[in-house]
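Mind the numbering: the sequence shown is residues 23 to 195 in the numbering used here, read in order.
Ideal Cβ positions, reconstructed from N, Cα and C, are used throughout, including at glycine.
Down below is the structure, laid out as structure tokens.
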Amino acid sequence: DLSESSNAGRLIIWKDSLVYAVHHPFGVGYGNFIVSLVHDIPEGATFEQAGDLKNLRYNLPQKFVTAHSLFLNILVELGLVGLLALGLLIFEIFFRIWRFVRSYSTDANIFTAQVAMFGLMFIWFLAYGLFDVTLLNDRVLIYFLITLALTGLIIRRYDSFKQEEWVEGQNNG
């Protein structure tokens, strides 16, 4: 329902974010999304004071207002270069996961399951990222990066795990 207040507000902020990104293709800097929203920041105000200004549309302090889209948020903060870098990172992660799953799809063990589950989780995060910036939450981002690192370790060292018999569970030390 596009007339529902939450959906209408989201559409407005998406439009405002796109307009801002078009006029500022290099972005405002990471963590500075509020600068794109607040047009009447008092002169001499600190970033913290600007963040504490109340956004009347959302009845929240500015520091809690986001683009409601990971990709728009990145575009506004880091510009076209940042969005392109994110796209390349996403492509690289997908490529490595896909290549691993395709190569070892007949191996049924905890390592291949971990990589496949992370691939599904990654797809979910990206799909959810169209409508929210949850991935930029500090705790969510830490867990995501830990899982990404473990998945990368499995992908990189899987053959050595097989040689050391970790895959079969026979290595007790």
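- For the alpha helix (DSSP H) assignment, the uninterrupted runs of no fewer than 4 residues enclosed by the region 40-103 are, from N- to C-terminal side, 55-59, 69-74.
- Under the three-state reduction of DSSP, Asn131 is assigned to coil, being neither helix nor strand.
- For Tyr165, the three-state secondary structure derived from DSSP is helix.
- Spanning the alpha carbons of Leu170 and Ile112 requires a straight line of approximately 12 angstroms.
- Sorting Ala149, Phe122, Asp38 by C-alpha distance to the C-alpha of Ala135 places Phe122 at the top.
- Across the structure, Asn95 and Leu142 are spaced so that their CA atoms are roughly 23 angstroms apart.
- Only residues of its own chain outside the window of five on either side were considered, and among them Ile35, Phe55, Ile56, Leu59, Asn77, Tyr80 have a CB closer than 8 angstroms to the CB of Val87, listed in chain order.
- Selection Leu148, Ser25, Val44, Ser91 evaluated against Val103 yields Val44 as nearest (Cα-Cα).
- Rounded to whole angstroms, the Cβ separation of Arg118 and Ile177 is 6 angstroms, and the two are in contact under 8 angstroms.
- An exposed status is given to Gln71, since fewer than 16 other beta-carbon atoms sit within 10 Å of its beta-carbon.
- Scanning its chain for C-beta atoms nearer than 6 angstroms, with the 5 sequence neighbours on each side dropped, one finds no residue around Leu148.
- By the C-beta density criterion, Val162 is exposed, having fewer than 16 other C-beta atoms within 10 angstroms.
- In this structure, Pro47 places its C-beta atom within 8 angstroms of the C-beta atom of Gly101.
- The beta carbon of Leu92 sits closer than 6 angstroms to those of Gly151, Val155, Leu157, all from its chain and outside the five residues before and after it, given in chain order.
- Going by C-alpha positions, Ala89 is about 25 angstroms away from Glu65.
- Annotated as proximal: Val98 and Val50, with beta-carbon spacing under 8 angstroms.
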